[in-house]
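Visitor: For reference, the structure I am asking about is given below.
In my numbering, the protein residues as written are 2 to 694.
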């Protein structure tokens with residue numbers, strides 16, 4: 002579909018000038034009646050037409066006995082009739098020239114195989130007519146222009162608030178019910194149902210291409226499958242760069258470890274690993290539950306793009322909640338700001354002597370609205386360059402007017418240059434006041450630990466980078482030549498040649514398949530050396546690696562032992578390298594591209610599973626982040642006086658392997674395990690490279 006056509010689709014779905022409801026009814030308890038009522042009563046200003054073969058008038062709207070009698074092709078059609086009649090109605094709409102159709106009706110592919118066959122027929126009709134199709138089995142759309150939804154909550158819609166694209170209607174309703182009770186507002190809410198034509202990725206594309214000054218800065222996604230990873234990645238990155246914060250749930254997570262694979266990396270890369278890497282590459286904040294989705298949205302709604310640092314100030318009227326929030330912030334890697342002496346002087350002038358003016362600021366249950374307002378002013382004036390976010394916690398002591406306190410908090414949220422996040426706990430005694438707070442456009446938390454956790458999630462949100470390109474020591478022509486002549490599983494010589502052409506270092510090594518060549522190979526490499534069995538995929542599992550061989554007699558004995566192992570065709574004689582072992586790998590994940598893996602190497606890779614993943618190609622910032630995120634990072638740095646590894650060299654190796662698999666997608670799996678050494682002297686000690694299907 003061309004971009005101009007997609008813009009027309011966007012207008013038809015989000016900003017239609019005319020809507021026809023097929024199956025419109027005077028009965029508000031029927032889907033057709035409910036959706037018609039919602040569109041009519043929620044301010045749609047375009048032409049609204051009702052199609053009902055039995056009623057002469059529906060809700061006082063222009064009513065037609067058939068689609069054929071409509072005065073024109075509607076921008077948007079909504080089908081709300083029993084499943085047996087849907088196909089015929091869609092054919093009539095296609096003949097009429099309808100641009101887009103939402104099928105609310107259930108009883109199709111979600112039900113049985115017969116329903117899936119019917120979906121294929123609907124898809125064929127729409128495809129031949131060039132019609133955009135949403136559904137079937139969906140609850141409809143909500144946009145600032147119309148409320149085309151037949152079930153669940155219809156909240157008050159507000160431009161530039163929160164958009165929501167979901168593959169589940171029930172999830173939409175559950176989230177909106179809970180989110181609106183916390184003060185979040187929604188703008189455009191889309192439920193795609195069975196998504197036989199348009200999926201989450203397609204709507205994301207439309208949102209991206211039509212993103213502008215009136216668009217929402219926060220977008221929620223709920224997905225049960227990733228059908229087009231490339232499209233999701235491309236448009237999420239675009240939206241992130243345009244200032245849209247995306248929060249996503251991918252449900253249906255299964256850890257498929259141990260799938261058919263020919264490398265450590267391949268065995269440890271699961272479907273969910275690919276999804277996680279995709280979300281991170283796309284700048285999507287991934288959450289696991291509806292509660293987290295709402296919590297993160299509340300943080301973003303409070304400060305949006307202004308929240309980015311780790312320095313936090315807490316204002317509380319009770320010690321316990323302040324301590325619990327402090328603990329959670331520490332868990333999240335955030336810090337409590339130390340105030341300047343001038344700030345402490347001014348705070349002491351506002352609060353009574355028994356208050357605590359250090360961070361957290363405990364203003365006691367006797368706090369007043371005047372004190373709260375003055376605290377915000379002092380913090381903004383004195384600590385604006387020292388604080389990234391203020392969290393204010395308040396209960397209901399009954400010792401002052403909470404309405405005035407809430408007003409001061411709301412005013413600070415609207416005007417303070419430092420983002421303010423409120424935690425309002427008296428959900429029973431101040432329920433009416435909290436509703437007023439919501440009605441003024443403010444969201445809030447009711448639990449301080451949840452606020453701290455969500456704040457940590459936002460601060461650590463993924464960042465999108467441009468992939469790095471390697472300037473030197475990367476011979477693309479040589480790489481192409483080696484891969485073109487190599488077998489599916491590369492042998493040691495081809496592996497070494499390929500990786501050296503890509504800029505990796507190798508210790509001296511010789512492949513020996515004849516015992517008569519062993520002596521010369523050992524003398525060429527030099528003692529002490531390592532001998533490895535040639536053939537088995539996981540050499541350590543079959544006892545196929547021997548280290549610290551000091552002389553020719555030992556080498557001969559090891560030769561005999563290794564050659565007795567089943568499947569061994571020879572040995573690799575290699576210079577012994579001392580140092581810390583890490584693994585660098587790549588695995589092609591269908592539809593996603595290549596996953597790059599980093600972690601501790603050798604036998605620890607699959608035992609400890611201390612690994613990180615990212616999608617190729619990599620920026621140097623991404624590569625450095627992969628190294629720094631493993632739990633064993635202190636070992637990489639050089640713990641307890643041990644020599645460390647060069648972070649720059651490790652990052653460069655990760656970038657190189659990312660470019661290698663991006664330039665040569667026929668590579669399926671790579672293991673560099675271990676990469677070993679100290680400082681910048683890092684060598685690929687063992688490798689496995691598989692290409693082809």
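From the three backbone atoms N, C-alpha and C, an ideal C-beta is built for every residue, glycine too.
Since residue 533 is in the beta strand (DSSP E), which residue starts that stretch and which ends it?
Guide: Run containing residue 533: 530–535, per the beta strand (DSSP E) assignment.
Visitor: Buried or exposed for residue 382, going by 16 or more other Cβ atoms inside 10 Å?
Guide: Exposed.
Visitor: Indicate the three-state DSSP secondary structure (helix, strand or coil) for residue 636 in the structure shown.
Guide: Of the three classes helix, strand and coil, the one that applies to residue 636 here is helix, per DSSP.
Visitor: For the beta strand (DSSP E) holding residue 576, just list the boundary residues, first then last.
Guide: Residue 576 -> beta strand (DSSP E) spans 571–576.
Visitor: DSSP state of residue 6, grouped into three classes?
Guide: Reduced to three states, the DSSP call for residue 6 is helix.
Visitor: Would you grab the beta carbon distance between residue 22 and residue 81 for me? Rounded to a whole angstrom, and I think it's under 8 Å.
Guide: Sure, about 6 Å apart at Cβ, within 8 Å.
Visitor: Could you tell me the alpha carbon to alpha carbon distance between residue 427 and residue 376, rounded to whole angstroms?
Guide: Near 22 Å, if we compare the C-alpha coordinates of residue 376 and residue 427.
Visitor: Please give me, in chain order, every unbroken run of the alpha helix (DSSP H) with length at least 4 that falls completely inside the region 447–515.
Guide: Those alpha helix (DSSP H) runs which fall completely within the region 447–515 and span 4+ residues are 449–460, 477–486, 493–502.
Visitor: If we ignore side chains and look at the alpha-carbon of each, how far apart do residue 77 and residue 433 end up?
Guide: The straight-line gap from Cα to Cα measures roughly 40 Å.
Visitor: Going by DSSP, which residues form a beta bridge with residue 630?
Guide: In DSSP, residue 630 forms no bridge with anything.
Visitor: Cα separation between residue 676 and residue 564?
Guide: Approximately 25 Å between the Cα atoms of the pair.
Visitor: State the Cα-Cα distance for the pair residue 205 and residue 370, rounded to the nearest angstrom.
Guide: Cα to Cα, the separation comes out at about 43 Å.
Visitor: Let me know the alpha helix (DSSP H) ranges lying completely inside the region 294–363, each 4 residues or longer, listed in chain order.
Guide: Runs found: 320–332, 342–351.
Visitor: On the DSSP bridge list, what partners appear for residue 441?
Guide: None, per the DSSP bridge assignment.
Visitor: If I measure Cβ to Cβ from residue 390 and keep anything under 7 Å in the same chain, skipping five residues before and after, which residues do I get?
Guide: Here the set comprises 304, 308, 313, 419, 420, 422, 456.
Visitor: Going along the chain, which residues of its own chain have a beta-carbon closer than 8 Å to the beta-carbon of residue 327, five neighbours each way excluded?
Guide: Answer for residue 327: 315, 337, 361, listed in chain order.
Visitor: Hey, out of 70, 673, 358, whose CA is closest to residue 318's CA?
Guide: That would be 358, whose Cα lies nearest to the Cα of residue 318.
Visitor: How long is the line joining the alpha carbons of residue 347 and residue 363, rounded to whole angstroms?
Guide: Rounded to whole angstroms, residue 347 to residue 363 spans 15 Å at the Cα level.
Visitor: Quick one: is residue 517 buried, meaning 16 or more other Cβ sit within 10 Å of its Cβ, or exposed?
Guide: The residue is exposed, with fewer than 16 neighbouring Cβ atoms inside 10 Å.
Visitor: Go ahead and label residue 177 buried or exposed: buried means 16 or more other beta carbons lie within 10 angstroms of its beta carbon, across all protein chains shown.
Guide: Its Cβ being crowded by 16 or more others within 10 Å, residue 177 is buried.
Visitor: So, for residue 520: in the same chain, excluding its five sequence neighbours on each side, which residues have a beta-carbon less than 7 Å away from its beta-carbon?
Guide: If we look at residue 520 and ignore the five residues flanking it on each side, its Cβ neighbours are 553.
Visitor: What three-state label does DSSP hand residue 201 in the structure shown?
Guide: If DSSP states are grouped into helix, strand and coil, residue 201 belongs with the helices.
Visitor: Considering Cα atoms alone, identify which of 181, 85, 34 is closest to residue 437.
Guide: Of 181, 85, 34, the residue nearest in Cα terms is 181.
Visitor: Run the CB neighbour count on residue 595, radius 10 Å, all protein chains shown included, and call it buried at 16 or more, exposed below.
Guide: Buried: at least 16 other Cβ atoms inside 10 Å.
Visitor: Does residue 154 come out as helix, strand or coil in the three-state DSSP assignment?
Guide: Reduced to three states, the DSSP call for residue 154 is coil.
Visitor: Out of curiosity, what's the CA-to-CA distance linking residue 615 and residue 601?
Guide: Rounded to whole angstroms, residue 615 to residue 601 spans 16 Å at the Cα level.
Visitor: Going by DSSP in three states, residue 740 sits in which element: helix, strand or coil?
Guide: Lying before the first or after the last residue shown, residue 740 is absent from the chain, which here runs from 2 to 694.
Visitor: Whole angstroms are fine: how far does the CA of residue 111 sit from the CA of residue 191?
Guide: Approximately 19 Å between the Cα atoms of the pair.
Visitor: My guess is that residue 445 and residue 184 are in contact by the Cβ rule of under 8 Å, so how many angstroms apart are they, rounded?
Guide: Indeed they touch by this definition, with Cβ atoms about 6 Å apart.
Visitor: If you measure between the beta carbons of residue 141 and residue 150, is that distance less than 9 Å?
Guide: Yes, the Cβ-Cβ distance between residue 141 and residue 150 is below 9 Å.
Visitor: If you draw a straight line from the C-alpha of residue 3 to the C-alpha of residue 606, how long is it?
Guide: Computed Cα separation, rounded: 47 Å.
Visitor: Quick one: complete alpha helix (DSSP H) runs, 4+ long, within the region 13–100?
Guide: Whole alpha helix (DSSP H) segments, 4+ residues: 32–42, 87–97.
Visitor: Anyone know if the C-beta pair for residue 246 and residue 207 falls short of 9 Å?
Guide: No.
Visitor: Does DSSP classify residue 595 as helix, strand or coil?
Guide: Residue state, collapsed to three classes: strand.
Visitor: Measuring only between beta-carbons, confirm whether residue 101 sits less than 9 Å from chain D.
Guide: Of the protein chains in this structure there is only one, and it is not chain D.
Visitor: May I have a chain-ordered list of the beta strand (DSSP E) segments no shorter than 3 residues that lie completely inside the region 372–406?
Guide: You should have 390–395.
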